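Q: Before anything else, here's the structure in question.
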Amino acid sequence: MNDKRVKAIINLNSIRQNYRYIKSLAPDTQVIAVVKADAYGHGAVRVSHALEEEGCGIFAVASAGEGVILRDSGIKGDILIMGITPVSQLKILSEYGFIQTVNSVEYAKALSDSDVNIRVHIKVDTGMSRLGLYCHGKDDAGDAAEKVRQIHSLKGIKCEGIFTHFACSDDVSSQMTNNQYNAFIGLCEKCESLGLNLGLKHCCNSGGIINFPQMKLDAVRAGIILYGYMPDGSRNTSLNPAMRLVSRVLQVGKLKKGDTVSYGAYYTAERDMDIAVVSIGYADGFSRLLSGKVEVAIRGKRVKAVGRICMDMCMADITGAECYPGDEVEIFGGIIPADEDAAKMGTISYELLCGITGRVDREYTE
């Protein structure tokens with residue numbers, strides 16, 4: 571049973587339109603759909619099937635477990651695991667036909683020693699200082715290329731690609747992206763001079779796709795822009811936000827001046843006022859950090875949430891607004907942009923969307 575006290579309404583047509591827009595920016599390039607973290611909270615299975623119908627042939631996830639869910643749901647395209655799969659689970663890679671990210675010679679040797687044939691993409695650290703072979707500039711290319719050569723030479727390892735990840739591509743003025751790109755291209759050229767066939771080369775994430783299209787190479791990895799948001803929180807009218815988070819009014823009532831609201835008597839009524847209790851709280855992903863900062867929308871009108879956000883409920887000042895029990899309450903995604911709430915939390919839309927919890931019903935529209 572699901573009482574739908576809170577639901578995330580996901581418009582799959584918006585995601586399809588966003589995919590087509592991304593394809594228009596990189597028409598001769600493969601688009602890797604990043605659907606990790608349950609497609610940023612949108613539901614990886616439904617999103618991936620919609621994108622596969624659009625012609626998407628590669629999906630990126632964080633773990634083998636996420637990949638298994640997609641493959642078992644019937645996804646036929648390639649699935650790239652961008653995290654590191656434990657050696658104890660390596661048979662899954664071969665059984666499901668996954669592409670495994672390799673971040674070191676040592677890990678590649680562990681894959682090779684497993685006696686199963688494994689497809690891989692090699693990850694290069696060009697400045698993120700996260701996973702990958704270290705290559706922060708041209709002085710590192712020789713050592714990194716030798717490591718790539720060693721990985722290519724291992725039995726059972728089929729190297730099908732090489733990639734890096736930009737740290738600052740949401741900032742078009744930053745020199746960091748150019749530095750990373752030049753380091754990556756320098757390494758690729760060094761490897762190719764050794765006679766290595768690197769396969770699919772990719773470096774552009776969402777910020778790179780929008781701000782640095784000249785760096786698109788063979789493939790691009792589309793994450794947040796697939797779901798309608800810009801990585802820097804700005805608005806792009808060519809992108810359609812796909813999620814609308816809504817709840818409902820449980821109760822309406824009146825407060826007298828001086829009455830307090832919620833835990834810690836966090837809010838004190840400055841006047842007589844009308845108040846609504848709304849069926850959403852931090853256990854649904856409506857962060858307590860938004861207490862006293864955020865608005866919601868009822869019957870198309872913004873109203874201020876007051877008091878601390880509770881685990882399952884919050885309260886809103888509806889003075890002067892028409893409001894009844896059972897009315898729909900928009901948390902974000904229509905009148906209120908998700909980026910607005912994210913900014914008030916001091917975070918980014920990625921975290922806000924990924925934070926919508928599993929008890930929130932996902933409802934899909936076309």
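Okay, so the sequence shown: first residue is 571 according to our numbering, each after it adds one.
Glycine is no exception: its CB is placed at the ideal position from the N, C-alpha and C atoms.
Computed from a prediction, not measured in an experiment: that's the story for all the values here.
#1: What first and last residue would you give for the alpha helix (DSSP H) that runs through M940?
#2: For E933, which residues from the same chain have a beta carbon less than 6 Å from its beta carbon, with the 5 sequence-adjacent residues on both sides left out?
#3: Hey, quick one: how far does the beta strand (DSSP E) through L650 stretch, first residue to last?
#4: In whole angstroms, give me the CA-to-CA distance for G890 and V930.
#5: Over what stretch of residues does the alpha helix (DSSP H) that includes Q750 continue unbroken?
#6: I believe I901 touches L815 by the beta-carbon criterion, under 8 Å. Please report the beta-carbon distance rounded to the nearest angstrom.
#7: Kindly indicate which three-state DSSP category V718 falls into: helix, strand or coil?
#8: Is the Cβ-Cβ distance between I732 and L770 less than 9 Å?
#9: Is R878 buried or exposed, if buried means 16 or more other CB atoms sit within 10 Å of its CB?
#10: Rounding to the nearest angstrom, what Cα-Cα distance links A812 and T927 in this structure?
#11: Taking the alpha carbon of A753 as the reference point, which residue from D740, L766, H735 and L764 has its own alpha carbon closest?
#12: What are the uninterrupted segments assigned as beta strand (DSSP E) that are 3 or more residues long and contained completely in the segment 798 to 829, given in chain order?
#13: Starting from E900, follow the beta strand (DSSP E) in both directions and report where the run begins and ends.
#14: If you measure between the beta carbons of A846 and I905, is that distance less than 9 Å?
#15: Looking only at C-alpha atoms, which of T599, L922, D788 and D802 sits nearest to D854?
#16: For the segment 772 to 784 and the segment 849 to 865, state whether three or more C-beta atom pairs, one from each stretch, are separated by less than 8 Å.
#17: When you compare the segment 801 to 808 with the segment 636 to 647, are there three or more beta-carbon pairs, one atom per stretch, that lie closer than 8 Å?
#18: Based on the DSSP output, what are the partners of C880 in its beta bridges?
#19: So A614 and V605 are supposed to be a Cβ contact under 8 Å. How far apart are they, rounded?
#20: For S817 versus S861, is the C-beta spacing smaller than 9 Å?
#21: Restricting to Cα atoms, I'd like to know which of D683, R719, L764 and D741 is closest to K725.
#22: Would you tell me roughly how many angstroms separate the C-alpha atoms of L660 and T747, rounded to the nearest one?
#23: Among N767, A908 and K871, whose alpha-carbon lies nearest the alpha-carbon of D887?
#24: What is the DSSP secondary structure of R685, counted as helix, strand or coil?
A: Inspection of the coordinates gives the following:
#1: For the chain, the structure presents residues 571 to 936; residue 940 sits outside this window and is missing.
#2: Sequence index remark: in the sequence shown, residue 933 carries index 363 (1-based). Once the five neighbours on either side are set aside, the close Cβ partners of E933 are K577 and I579.
#3: What you label residue 650 is simply residue 80 of the sequence shown in a count that begins at 1. Where L650 is concerned, the enclosing beta strand (DSSP E) stretches over D648 to I651.
#4: In the sequence shown, the residue the question calls residue 890 occupies position 320. In the sequence shown, the residue the question calls residue 930 occupies position 360. Rounded to the nearest angstrom, the two C-alpha atoms are 30 Å apart.
#5: Counting from one through the sequence shown, the residue named residue 750 turns up at place 180. Residues M746 to S763.
#6: Counting from one through the sequence shown, the residue named residue 901 turns up at place 331. Counting from one through the sequence shown, the residue named residue 815 turns up at place 245. That belief holds up - the Cβ atoms of I901 and L815 are roughly 4 Å apart, short of 8 Å.
#7: Locating residue 718 in the sequence shown gives position 148, where the first residue counts as 1. V718: helix per DSSP, three-state reduction.
#8: The residue given as residue 732 occupies position 162 in the sequence shown. The residue given as residue 770 occupies position 200 in the sequence shown. Yes, these two residues count as a Cβ contact at 9 Å.
#9: Along the sequence shown, read from residue 1 onward, the residue named residue 878 stands at position 308. Buried, since its Cβ has 16 or more Cβ neighbours within 10 Å.
#10: Taking the sequence shown and counting its residues from 1, the one referred to as residue 812 is at position 242. Taking the sequence shown and counting its residues from 1, the one referred to as residue 927 is at position 357. Taking the straight line joining both Cα atoms gives about 17 Å.
#11: The residue labelled residue 753 in the question sits at position 183 within the sequence shown. Answer by Cα proximity: H735.
#12: 813 to 825
#13: Counting from one through the sequence shown, the residue named residue 900 turns up at place 330. Residues E898 to F902.
#14: Here residue 846 corresponds to residue number 276 of the sequence shown, with the count starting at 1. Here residue 905 corresponds to residue number 335 of the sequence shown, with the count starting at 1. No, Cβ-Cβ distance for A846 and I905 is not below 9 Å.
#15: Sequence index remark: in the sequence shown, residue 854 carries index 284 (1-based). Per the Cα distances, L922.
#16: no
#17: no
#18: Numbered from 1 along the sequence shown, position 310 holds the residue referred to as residue 880. Bridge partners of C880: none, in fact.
#19: Locating residue 614 in the sequence shown gives position 44, where the first residue counts as 1. Locating residue 605 in the sequence shown gives position 35, where the first residue counts as 1. About 4 Å; that satisfies the 8 Å criterion.
#20: Reading the sequence shown from its first residue, position 247 is the one you call residue 817. Reading the sequence shown from its first residue, position 291 is the one you call residue 861. Cβ distance not < 9 Å, so S817 and S861 don't count as in contact.
#21: Locating residue 725 in the sequence shown gives position 155, where the first residue counts as 1. Of the candidates D683, R719, L764 and D741, the one whose C-alpha sits nearest the C-alpha of K725 is D683.
#22: Your numbering for residue 660 matches position 90 in the sequence shown. Your numbering for residue 747 matches position 177 in the sequence shown. The alpha-carbon atoms of L660 and T747 are separated by roughly 33 Å.
#23: Counted from its first residue, the sequence shown places residue 887 at position 317. Residue K871 is the option with its Cα nearest to D887.
#24: Residue 685 sits at position 115 when you count from the first residue of the sequence shown. Rather than Arg, the amino acid found at residue 685 in this sequence is Asp. Three-state result, D685: coil.
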